[in-house]
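Below is one structure, written out as structure tokens; comments come after it.
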């Protein structure tokens with residue numbers, strides 16, 4: 281597949297609906313919101329990611345001759361409609377929250393304002409991209425939090441759900457806080473550090489473990505991590521590693537950065553024993569890296585048990601977000617422009633209150649405590665609503681409305697977190713580099729208290745509605761229930 | 281990303297090891313096996329898939345000028361080695377089990393025989409591709425079994441882990457038994473049926489539900505499934521659908537294939553009520569399709585509760601294999617060719633008996649009961665071992681060796697399931713079309729008794745070792761434990 285051509289990466293119903301709109305000559309401008317209802321993995325926040333790939337996708341939208349030919353072969357589309365498709369391009373506006381920002385349920389991560397035919401087509405691919413990368417960035421952020429300052433390396437490519445899941449998963453993992461990835465293609469395409477040493481097969485291909493270690497160290501004296509568990513970690517692996525470290529030291533050409541990697545067995549016990557052996561041999565600066573089915577829970581427990589591990593390679597459980605492998609972002613109609621050019625708010629009701637959408641053309645203000653810089657709450661309001669931070673701000677829970685907080689004027693700051701990305705089909709946004717996004721994401725998670733980052737039952741950040749948005753939503757709901 | 285260039289889709293350590301082999305002038309021919317240790321999701325079997333993409337990958341292996349340039353920029357590779365890479369191509373042999381075959385733990389799904397530098401490079405991408413597609417094909421096979429003959433449609437693109445996970449996930453889902461996919465790109469690339477109707481946004485974009493239905497039916501009279509849960513399934517959706525069906529019937533142009541789709545609420549209750557309403561109105565041939573967070577367990581329960589559902593759209597839980605999102609295939613060294621051209625079997629030991637590898641150059645015979653055609657057992661043996669099915673065959677459990685079965689000569693048949701795919705770097709295998717693979721997979725699952733296909737605690741198929749392979753493995757293990 282050529283990355284330039286994801287135009288047909290869409291659900292079939294987007295095209296049947298498009299033809300329906302086409303035939304009905306119904307192509308009014310609409311607003312769709314991308315949002316999610318729940319943070320994955322029980323987390324207290326999410327990290328949004330994937331915008332750069334969404335931008336590439338939208339820029340390159342284009343039905344080739346082959347695409348149109350294929351659609352014709354399905355015998356369901358008219359020649360008129362196929363002709364329309366062959367000239368298709370995206371002409372609308374897109375607003376989005378920049379990648380690496382911490383986000384919360386119900387917030388529009390991305391807002392498409394476009395003729396309904398265009399807005400409908402892009403639903404599936406936008407969701408696919410944002411759902412995937414936000415999932416992995418969020419999972420990584422949890423794992424990085426559990427590691428409490430130790431480096432996390434992304435090692436999951438072989439278990440990722442296909443090449444893209446490995447590639448863009450590595451991208452999202454770097455955004456979420458990994459220090460490097462084993463994925464060479466990700467290193468090339470996103471200019472991020474690549475890492476790794478050797479496998480068991482390296483050891484097995486030499487006549488013995490010592491010879492394998494010795495040869496590896498000779499090759500890579502600047503950065504030499506030896507995998508010590510091929511035969512027996514404490515009886516064979518660690519002693520052989522120490523022997524090699526010592527030989528280099530005694531030769532007058534000591535290894536620069538060096539250490540061992542544990543990949544099986546009980547990592548708490550083995551790391552502590554290995555640490556003692558390394559220290560006793562005078563190699564206090566040898567690092568211990570661990571891998572083998574790690575996740576944030578095991579990592580958290582190993583840290584509690586004072587495992588002597590300096591850095592962690594995390595594979596399967598990170599790259600698939602094993603306990604919660606989907607993000608659940610949805611794409612819902614929020615408004616339709618009428619003939620007077622006004623956006624008429626639309627709402628999707630549901631028996632489940634949590635599933636009721638927020639209507640209208642919206643934006644989000646993020647509110648910080650002025651003194652600490654910590655995030656206090658998010659406020660969803662209509663685009664264009666303005667606030668004066670010198671005045672008091674009354675926030676209330678949009679479901680349990682009697683729960684209120686008053687922020688005194690001058691004690692808080694606000695910033696709008698949705699920014700323009702496309703205007704009239706033109707891209708007006710420059711994506712930062714992945715490492716820049718990662719640095720920004722670090723700042724973002726620093727605006728959260730540890731209570732919100734806790735792995736279990738984290739403190740919830742409030743996402744409130746402005747009085748104006750709340751009133752419109754309530755009146756739409758009241759109309760709906762009357763018409764029932 | 282261009283599908284032609286996945287050469288750098290590899291773990292960094294494959295390249296550092298390659299350089300190590302290069303510098304050591306150590307490039308003997310080796311054998312690596314791809315196998316897995318456990319069926320995913322507690323299943324009784326797996327379905328292997330992904331071979332066609334592995335073939336494409338191997339055919340197109342090639343370090344471009346940009347690739348070499350990138351690797352040079354890492355300041356860890358020598359010019360000699362980079363020069364070697366710039367001329368790299370795969371020159372070895374690959375044997376594999378054809379896609380759609382049912383497979384079991386410990387069996388080599390794929391066997392690479394190549395100079396160690398080449399065999400090492402391809403590890404990561406081969407695992408990535410086989411792990412992903414085999415996972416989704418297996419998950420789909422479970423869901424299809426639970427549906428007991430009803431059609432399953434793959435609807436997961438928006439929740440897949442990136443574009444490839446959607447695309448190749450759809451491919452694997454078709455192999456595993458889906459009747460169609462919503463993924464248009466999968467339809468185009470793999471020539472498989474695409475399916476889908478309309479979303480809630482279609483309904484919401486018209487002045488009312490009836491008008492939306494009417495317009496949709498006018499557009500698609502040959503195949504018209506109306507989504508009935510936008511406002512209220514039984515009070516509004518089903519009555520409006522019936523009104524539209526009736527109007528078309530009375531106009532003398534009845535809809536050809538038509539029905540409704542339920543996407544929320546209790547599917548057992550709503551489907552039975554909707555069925556009564558449709559039947560009472562004279563639309564016994566209207567179909568009822570259901571979607572909304574389905575998996576094999578919910579589907580199984582809904583069937584038990586006699587939900588009146590004819591076909592099922594399955595999304596997130598299929599495309600991510602939610603309860604088990606990775607397949608766990610590994611790539612292990614099995615033999616090294618010595619200077620006399622003989623393969624010396626290699627074994628990777630482990631404290632965990634299940635993790636000990638099977639050494640040597642192996643193949644697999646599948647054994648069927650002659651009368652029923654059902655699969656009796658698989659036998660892993662050395663390549664070249666021959667059997668006469670007119671003679672008795674003694675099988676024994678490779679761990680609990682006292683558990684034995686004697687198959688009388690003439691009562692069983694055997695076939696070798698590993699086939700040549702590359703010989704001396706040339707591809708000698710033609711991949712069937714996806715629909716051909718799907719038909720073959722259906723035949724394959726038909727060789728299993730329902731006891732093995734059961735969702736919970738399925739009957740285990742035996743995978744035994746030949747006496748010769750068992751003896752070599754035992755003697756290698758004995759040597760290892762003595763040298764400890």
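Chains as they are written, first to last, in the numbering used here: chain A, 281 to 764; chain B, 281 to 764. Heads up, the beta-carbon is just placed ideally off N, CA and C, and yes, glycines get one too.
- According to the DSSP assignment, residue 580 of chain A belongs to the alpha helix (DSSP H) that extends over 576–584.
- Beta-bridge annotation (DSSP): residue 695 of chain A is paired with A:646.
- Note that the C-beta distance between residue 479 of chain B and residue 507 of chain B is below 9 Å.
- Using a CB distance cut-off of 9 Å, residue 592 of chain A does not count as an interface residue toward chain B.
- In the DSSP secondary-structure assignment, residue 686 of chain A is bridged to A:674.
- Linking residue 607 of chain A to residue 580 of chain A through their CA atoms gives a straight-line distance of about 23 Å.
- The Cβ of residue 310 of chain A sits closer than 9 Å to at least one Cβ of chain B.
- Residues of the stretch 479–491 of chain B whose Cβ lies closer than 7 Å to any Cβ of chain A, in chain order: 479, 480, 481, 482, 484, 485.
- Considering only B:457, B:595, B:468, B:566, the residue with the shortest C-alpha distance to residue 328 of chain B is B:457.
- For the stretch 288–311 of chain A, the residues whose beta carbon sits under 9 Å from a beta carbon of chain B are, in order, 288, 289, 290, 291, 292, 293, 294, 295, 296, 297, 299, 300, 301, 303, 304, 306, 308, 310.
- Rounded to whole angstroms, residue 464 of chain B and residue 510 of chain B show a C-alpha spacing of 25 Å.
- In the structure shown, residue 740 of chain B adopts coil according to DSSP, grouped into three states.
- Annotation note: the stretch 505–589 of chain A contains the following uninterrupted beta strand (DSSP E) runs of length 3 or greater, listed N- to C-terminal: 537–542, 567–570.
- Within the stretch 356–383 of chain A, contact with chain B at the beta-carbon level (separation under 9 Å) is assigned to 356.
- Taken atom to atom, the span from the alpha-carbon of residue 682 of chain B to that of residue 574 of chain A is near 37 Å.
- Listed along the chain, the chain A residues whose CB falls inside 9 Å of the CB of residue 396 of chain B are 481, 485.
- Listed in chain order, the positions of the stretch 435–456 of chain B with a beta carbon within less than 8 Å of a beta carbon of chain A are 435, 437, 438, 439, 440, 441, 442, 443, 444, 445, 446, 447, 448, 449.
- Taking 9 Å as the cut-off, the Cβ atoms of residue 422 of chain A and residue 735 of chain A count as close.
- Counting the other Cβ atoms within 10 Å of the Cβ of residue 298 of chain A gives 16 or more, which makes it buried.
- For the 9 Å CB-CB criterion, residue 704 of chain B and residue 367 of chain B do not form a contact.
- Straight through space, the alpha carbons of residue 584 of chain B and residue 695 of chain B are spaced by roughly 38 Å.
- Inside the stretch 702–742 of chain A, DSSP marks whole alpha helix (DSSP H) runs of 4 or more residues at positions 714–726, 730–733, from first to last along the chain.
- What residue 499 of chain B touches in chain A, judged by beta-carbon distance under 7 Å, is 299, 300, 303, going in chain order.
- Under the Cβ distance rule, residue 347 of chain B counts among the residues neighbouring chain A, one pair being separated by less than 9 Å.
- For a Cβ distance threshold of 8 Å, residue set 441, 600, 601, 602, 605 of chain A lies close to residue 605 of chain B, ordered along the chain.
- The stretch 595–613 of chain A and the stretch 315–329 of chain A touch, with three or more beta-carbon pairs separated by less than 8 Å.
- Of all residues in the stretch 403–422 of chain B, the ones placed with a Cβ closer than 9 Å to any Cβ belonging to chain A are 403, 404, 405, 406, 407, 408, 409, 411, 412, 413, 415, 416, in chain order.
- Beta-carbon to beta-carbon, residue 710 of chain A and residue 690 of chain A are separated by about 34 Å, too far to satisfy the 8 Å threshold.
- Exclusion of the five residues before and after residue 572 of chain A leaves 543, 544 as the residues of its chain whose Cβ lies within less than 6 Å of its Cβ.
- Residue 495 of chain A is not bridged by DSSP to any residue.
- One thing to note: residue 338 of chain A has its Cβ no nearer than 9 Å to the Cβ of residue 377 of chain A.
- Between residue 439 of chain B and residue 599 of chain B, the C-beta gap is smaller than 9 Å, which places the two residues in contact.
- Here DSSP, grouped into helix, strand and coil, assigns residue 471 of chain A to coil.
- Annotation for residue 591 of chain A: the continuous beta strand (DSSP E) segment containing it runs 591–594.
- Within the stretch 614–628 of chain A, the residues whose Cβ lies closer than 8 Å to some Cβ of chain B are 616, 626, 628, listed in chain order.
- Interface annotation, residue 633 of chain A: not in contact with chain B, CB-CB separation never under 9 Å.
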